[in-house]
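Top line first, the protein sequences correspond to chains A and B.
Straight run, no breaks: the first sequence in my numbering ends on number 147.
Straight run, no breaks: the second sequence in my numbering ends on number 147.
Yeah, the Cβ is synthetic: ideal placement off N, Cα and C, and Gly gets one too.
These numbers were taken from a predicted model, which means no experiment stands behind them.
Number of protein chains: 2
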Amino acid sequence: MEELIKCCKEQGLRITKGLKAIMNALDEAKLPLSLQELEVNPQIAEICDRATVFRTLQRLEGIGLLRRLNFSHSGAKFSLNTGDAHKEYLICRLCGEVKELKMSCPVHQLEEKLSEENGYSAMTHELTFYGLCRKCN
Amino acid sequence: MEELIKCCKEQGLRITKGLKAIMNALDEAKLPLSLQELEVNPQIAEICDRATVFRTLQRLEGIGLLRRLNFSHSGAKFSLNTGDAHKEYLICRLCGEVKELKMSCPVHQLEEKLSEENGYSAMTHELTFYGLCRKCN
DNA sequence: TCATAAATGCGATATAGTTGCATTAAGAAA
DNA sequence: TTTCTTAATGCAACTATATCGCATTTATGA
C-alpha cells in the first residue's frame, strides 16, 4: 500500500483522499471491482463522486497501477496491479459470481513469441473461464 | 451455413430473413462483430432494426451458436460458434485493431480440472492478448 | 388456408461511460 | 507558514450502448 502511494507520487499524481480511499477499497477487496461498486462503497461515497472515481481509475490505469478486466455480461472491473503477475478468474455466466483462480499462468511465455510474430509491444493478456456455478446449474 | 440454419430449427427458432442476414454477416466477417456493426450492415439494415438484431443475437447466444466476446475498451462483440473450438485474439489497446491468432489453445485441457474443483459446469473460456500494434507504438 | 405463438418495429427507458466548466485543494516555492 | 500554480473535484449534462413493452406482423405446424 505504502508502495503504491509512493508509485503514484513518482508518476506525478497528487495524493488525495479520494485516491487513497479508492486504492484502499481495491486493495481490501479480494476481487476486481466495477466503477459502480466503488462508487457506492461507503468509504468512497462519503468522499467523492462518480466522475472522480472514474477519472481516478483512468489515471491509475494510465500509470499502469490498475488493470482493467472485461468479463462477459458485466461492465469493466478493476484490480490493482501488484507485482506484474496477472490473475485468472472463473465467472458464472448466470449470477456473475467471480472467483479468483490459483494457478500458474500457462500462457505467459507465449507473449514474447506473439509480440515478435505480430510486431506488437507492451503485451498483456487476459485468461478468463466461464461456467455455471453450483447454484445456477 | 446450412448446418447452422438446421441447428437453429432444431432449437425451435424460426428462420426469418433477419436471422439469415445476421448469420450470414457473422459468417462472412472474418472477425467478431459488435451489435452496432451488424446494425449498420446494409444487408441487415434493409431488413431489420436494432432491437431485432439485439434479440436475434440473444437467441443465438442462448442456443450456444454464438459466442460473446469482451474486448477492452469496446462493447461486446459476437462470433459464430462453429465447431466448439474457440479462438484467441490479439487486440491493440490504442486503435482497437483485432487480429485472430492461429494457435492451438494451450488451456483447453484445464477446463475439466477447473470444472471439478469448483463445481462449475458448461465451461468455456476466453484468452485474449493485448498490446500496442506497430502503428500505435 | 388458418390459427397460434414467435419474431418484429417503434419508441421509450435504463445503464454505463464520459465531458465541460467553475471551484477546491495538494504540494512546490517563497 | 503563506502563497501560488495547476491537478483534482463536483455537478450536471450528455453520449453511447443495452434493454424493454406493446401492438403488429409473419413463420410454421395443423
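{"Query": "Where the alpha helix (DSSP H) through B:E12 begins and ends", "Result": "E12 to E20"}
{"Query": "Cβ-Cβ separation, B:T138 to A:H135 (assumed contact under 8 Å), whole Å", "Result": "6 Å"}
{"Query": "Within chain A, partners of B:R144 - CB distance below 9 Å", "Result": "N128, G129, Y130 and S131"}
{"Query": "Residues, ordered as in the chain, of the segment 111-127 of chain A that lie near chain B by beta-carbon distance below 8 Å", "Result": "L111, M113, P116, V117, L120, E121, L124 and S125"}
{"Query": "Beta-carbon neighbours of B:S82, restricted to chain A and to distances below 7 Å", "Result": "R78 and N80"}
{"Query": "Contact with chain B by A:T66, beta-carbon distance below 8 Å", "Result": "no"}
{"Query": "Cutoff 8 Å: A:F139 Cβ touching any chain B Cβ", "Result": "yes"}
{"Query": "Beta carbon proximity, A:K109 to chain B, threshold 8 Å", "Result": "yes"}
{"Query": "Nonlocal neighbours in the same chain, by C-beta distance under 8 Å from B:I54, ignoring five residues either side", "Result": "G28, A31, I32, A35, L48 and V63"}
{"Query": "For B:G129 and A:I101, the rounded distance between their alpha carbons", "Result": "12 Å"}
{"Query": "Residue-chain proximity (B:L100, chain A), Cβ-Cβ < 8 Å", "Result": "yes"}
{"Query": "A:R3 - DSSP class collapsed to helix/strand/coil", "Result": "Examination of residue 3 of chain A is not possible in this model, given that chain A is present from 11 through 147 alone."}
{"Query": "Within-8 Å CB hit, B:E47 to chain A", "Result": "no"}
{"Query": "Any chain A beta carbon closer than 8 Å to B:T134", "Result": "yes"}
{"Query": "Which residues DSSP lists as bridging A:F88, in chain order", "Result": "A:L43 and A:R78"}
{"Query": "For B:V50, three-class secondary structure by DSSP", "Result": "helix"}
{"Query": "Same chain, Cβ closer than 7 Å to A:L43, five either side skipped, listed in chain order", "Result": "A35, L36, K87 and F88"}
{"Query": "6 Å Cβ shell around B:S125 - same chain, five flanking residues per side excluded", "Result": "M133"}
{"Query": "Beta-carbon proximity check, B:L23 vs B:L90, cutoff 8 Å", "Result": "no"}
{"Query": "From A:C146, A:E56 and A:L45, residue whose alpha carbon lies closest to that of A:L76", "Result": "A:L45"}
{"Query": "8 Å Cβ cutoff met for A:R78 and A:E71", "Result": "yes"}
{"Query": "Contacts around A:V117, its chain only, beta-carbon distance under 7 Å, and the 5 residues preceding and following it disregarded", "Result": "H135 and L137"}
{"Query": "Buried or exposed by the 16-neighbour rule on C-beta atoms within 10 Å, applied to B:K112", "Result": "exposed"}
{"Query": "Beta-carbon spacing of B:G106, B:S84 below 8 Å", "Result": "yes"}
{"Query": "C-alpha distance - A:R103 paired with B:I57, whole-angstrom precision", "Result": "31 Å"}
{"Query": "Beta-carbon proximity list for B:G141, same chain, < 6 Å, skipping 5 on both sides", "Result": "none"}
{"Query": "Reduced DSSP secondary structure (H/G/I, E/B, other) of B:I101", "Result": "strand"}
{"Query": "Residue environment, A:E98, which counts as buried when at least 16 other CB atoms sit within 10 Å", "Result": "buried"}
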